[in-house]
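First comes the structure, then the notes that go with it.
Protein chains: 2
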Amino acid sequence: MEDQFIKTATLIGDATRASILWNLLDGRAFTATELAIAVETSAQNISMHLGKLLEADLICVEKQGRHKYYRFSNKEVAYAVEAMANLIPKPKDPVKKKSEEYPPIKYCRTCYDHLAGKMGVALADSLLEQKIIIEKNGAFEISIDGEKWFSDFGINLEEAQKQKRIFLKPCLDWSERRNHIAGSIGALLLDKMINEDWLRRTKDSRAIAITGKGEKELLKNFKIVV
Amino acid sequence: MEDQFIKTATLIGDATRASILWNLLDGRAFTATELAIAVETSAQNISMHLGKLLEADLICVEKQGRHKYYRFSNKEVAYAVEAMANLIPKPKDPVKKKSEEYPPIKYCRTCYDHLAGKMGVALADSLLEQKIIIEKNGAFEISIDGEKWFSDFGINLEEAQKQKRIFLKPCLDWSERRNHIAGSIGALLLDKMINEDWLRRTKDSRAIAITGKGEKELLKNFKIVV
DNA sequence: TGAATAGTTCAGTCTGTATTTAACTATGAA
DNA sequence: TTCATAGTTAAATACAGACTGAACTATTCA
Numbered sequence: 001m002e003d004q005f006i007k008t009a010t011l012i013g014d015a016t017r018a019s020i021l022w023n024l025l026d027g028r029a030f031t032a033t034e035l036a037i038a039v040e041t042s043a044q045n046i047s048m049h050l051g052k053l054l055e056a057d058l059i060c061v062e063k064q065g066r067h068k069y070y071r072f073s074n075k076e077v078a079y080a081v082e083a084m085a086n087l088i089p090k091p092k093d094p095v096k097k098k099s100e101e102y103p104p105i106k107y108c109r110t111c112y113d114h115l116a117g118k119m120g121v122a123l124a125d126s127l128l129e130q131k132i133i134i135e136k137n138g139a140f141e142i143s144i145d146g147e148k149w150f151s152d153f154g155i156n157l158e159e160a161q162k163q164k165r166i167f168l169k170p171c172l173d174w175s176e177r178r179n180h181i182a183g184s185i186g187a188l189l190l191d192k193m194i195n196e197d198w199l200r201r202t203k204d205s206r207a208i209a210i211t212g213k214g215e216k217e218l219l220k221n222f223k224i225v226v
Numbered sequence: 001m002e003d004q005f006i007k008t009a010t011l012i013g014d015a016t017r018a019s020i021l022w023n024l025l026d027g028r029a030f031t032a033t034e035l036a037i038a039v040e041t042s043a044q045n046i047s048m049h050l051g052k053l054l055e056a057d058l059i060c061v062e063k064q065g066r067h068k069y070y071r072f073s074n075k076e077v078a079y080a081v082e083a084m085a086n087l088i089p090k091p092k093d094p095v096k097k098k099s100e101e102y103p104p105i106k107y108c109r110t111c112y113d114h115l116a117g118k119m120g121v122a123l124a125d126s127l128l129e130q131k132i133i134i135e136k137n138g139a140f141e142i143s144i145d146g147e148k149w150f151s152d153f154g155i156n157l158e159e160a161q162k163q164k165r166i167f168l169k170p171c172l173d174w175s176e177r178r179n180h181i182a183g184s185i186g187a188l189l190l191d192k193m194i195n196e197d198w199l200r201r202t203k204d205s206r207a208i209a210i211t212g213k214g215e216k217e218l219l220k221n222f223k224i225v226v
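Sequence lines, in order, name chains G and U.
Using the UniProt record's numbering, you'd call the opening residue of the first sequence number 1 and step up by one each time.
Using the UniProt record's numbering, you'd call the opening residue of the second sequence number 1 and step up by one each time.
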């Protein structure tokens, strides 16, 4: 058991592979070349590293034509990466100004395709408090009032319900240790906010940037102070 | 943020340091020398690695005379180690025989000075089931019948109560995720079993070996199958 | 006191493994 | 077809960082 743990630890604990995992953290799939660029290494090298991660079943691959898309094998991998990210030493004295206390990524990032982090949790809290969604034995449900709210907000619930994916489900955020909103509703909320230019995906698209407009609207609609 | 993650990952992902973390996983504190033995490396080397783990605040240290006791800094470290252990590839076909699945240290080890691991948990379960101890809002108490039992078993409760240390307290076991019995009672139980030659401390005193006599007595007294 | 044990520091060595160079296959587009 | 792009494999190289040896301080014990 110890040997196996050491193997896993040394597998993750290489700079290039750690960077790969970090880039895969938002749940999307990337091609080998994309990862090579993101990680800043050669194609041959990324190929070798992806091979090792594949062999240990930390990632899986899907072939599409001449492309190969790599993603996490299962959510446990994401948990482990996030749990490790939790160990990053906190800055002792908050020298920085208020909003800059942490880089945006800490406050606002995507988990697969919905909002996670502090922002995702705050959003879930607000929707719960406004009784737009309600908690029912561990699951989230949309209230009667909530249905109207979503329609006003410009989200078509019937459309969402048609999708295969789970409609509304809580997702435990490791950095906050709190539930936020996953499922298609989570994805739709994120999409909507991006379309309304409240939020913008950044270049590497893991972090989410909040626009000036978004700052005002988030405060107005959800009482979220950015 | 990514850089910091890579730093943390490479910190954990060295074979020697991973082994240190693995050994600290049960929550106990170890001296540098004990760790060097457990990890099978030199004193100088362990010192260097402990220094790095200390600097990153993954572990902390308490000085006691000429000894230095190292332990996890916080529960997040244990979470991360466990989350990583979760990624160990599952054996597809369980080829192994029953009792040899894990080395003895996994089943029977001390946590500070009381029994932890599977053995400690099984012992706590048995005492609870026999109503020798009872759980009362998260704490353990000795029942009326229990007082007689302890006296029959050769443990003087009044003596134990005089000691400063907490008399009877649950202690969460990381590998089992279950409470076992700490406090002076836990220590006395361990002492007693060692005196009766049910158990023997091994050389490095982390692991506990069960004697033939112990095997019989544990089954008889606590229905624990070793 | 001195002897033994616990732990650290530092310079030098060594080695595992990541990376590079180079030659390859497979798919898609012109 | 031929060219360009995506990705792999294999051997040669390079290097970060672990480990060793030797010399040190601090504490306990006899």
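C-beta: ideal position from N, C-alpha, C; glycine also.
None of the values given here were measured: they were computed from a predicted structure.
Item	Value
Same chain, Cβ closer than 6 Å to GLU62 of chain G, five either side skipped, listed in chain order	TYR69
Sequence-distant residues of the same chain with beta carbon closer than 7 Å to ILE12 of chain G, five excluded per side	ALA18, LEU21
Residue span of the alpha helix (DSSP H) that contains ARG17 of chain U, given as start and end	15-24
Closer than 7 Å to chain U by CB, TYR79 of chain G	yes
Short-range partners of chain G found in the stretch 34-63 of chain U, where Cβ spacing is below 8 Å	ALA56, ASP57, LEU58
Contacts around LEU58 of chain U, its chain only, beta-carbon distance under 8 Å, and the 5 residues preceding and following it disregarded	LEU11, ILE12, LEU21, PHE72, SER73, VAL77
Beta carbon proximity, ALA9 of chain U to chain G, threshold 7 Å	yes
Simplified DSSP assignment, three categories, for ALA56 of chain G	coil
Under 7 Å by beta carbon: chain G residues contacting LEU87 of chain U	THR8, LEU58, GLU76, VAL77, ALA80
Listed by chain order, chain G residues near GLN4 of chain U by CB distance under 9 Å	ALA85, ILE88, PRO89
Complete runs of the alpha helix (DSSP H) confined to the stretch 31-55 of chain U [at least 4 residues]	32-39, 43-55
Residue nearest to LEU218 of chain G in terms of C-alpha spacing, selected from G:ALA122, G:ASP26, G:PHE150	G:ALA122
Closest residue to SER126 of chain U among U:ALA29, U:LYS220, U:THR31 (Cα-Cα distance)	U:LYS220
Residues in the stretch 18-32 of chain U having any Cβ partner in chain G nearer than 7 Å	ALA18, SER19, TRP22
Cβ neighbour criterion (16 or more within 10 Å) applied to ARG28 of chain U	buried
Close-in-space but distant-in-sequence residues of the same chain around THR41 of chain G (CB under 7 Å, 5 per side omitted)	THR16
C-alpha distance - LYS148 of chain U paired with GLY214 of chain U, whole-angstrom precision	22 Å
Segment limits, beta strand (DSSP E) that includes ILE134 of chain U	133-136
Extent of the continuous beta strand (DSSP E) to which LYS68 of chain U belongs	67-72
Where the alpha helix (DSSP H) containing LYS223 of chain U begins and where it ends	Per DSSP, LYS223 of chain U belongs to no alpha helix (DSSP H) and is neither H nor E.
DSSP state of residue 234 of chain G mapped onto helix, strand, coil	The first residue shown for chain G is 1 and the last is 226, placing residue 234 of chain G beyond what the model contains.
ALA18 of chain U CB to nearest heavy atom of the ligand FMN below 6 Å	The ligand content of the structure shown is nil, which means the ligand FMN is not present either.
For ILE46 of chain G and ASP173 of chain U, the rounded distance between their alpha carbons	Interpretation of ASP173 of chain U is limited by its pLDDT of 46, a score under 50 that renders its predicted location unreliable; the figure taken from the coordinates is listed afterwards. Rounded to the nearest angstrom, the two C-alpha atoms are 40 Å apart.
Alpha-carbon to alpha-carbon, HIS67 of chain U and ASN156 of chain U	31 Å
Opening and closing residue of the alpha helix (DSSP H) in which ALA9 of chain U lies	2-12
Nearest residue (CA-CA) to ILE88 of chain G, options U:SER143, U:TRP198, U:GLU2	U:GLU2
Buried versus exposed, by CB contacts within 10 Å (16 or more), THR33 of chain G	exposed
Contacting residues, own chain, Cβ-Cβ under 6 Å from LEU81 of chain U (five flanking each side not counted)	One point to set straight first is that residue 81 of chain U is Val, not Leu, in the sequence displayed. Answer for VAL81 of chain U: LEU21, LEU25, listed in chain order.
Residue from G:THR8, G:ASP145, G:LEU50, G:LYS7 with nearest C-alpha to ASN23 of chain G	G:LEU50
Cβ pair ALA85 of chain G, PHE5 of chain U closer than 7 Å	yes
Burial state of ALA83 of chain U (16 or more Cβ within 10 Å)	buried
Simplified DSSP assignment, three categories, for LYS164 of chain G	Note that LYS164 of chain G scores a pLDDT of 46, beneath 50, so its modelled location is shaky; the value from the coordinates is reported in the next line. Three-state result, LYS164 of chain G: coil.
Span separating the alpha-carbon of LYS75 of chain U from that of CYS60 of chain U	12 Å
First and last residue of the uninterrupted alpha helix (DSSP H) at LYS75 of chain U	75-85
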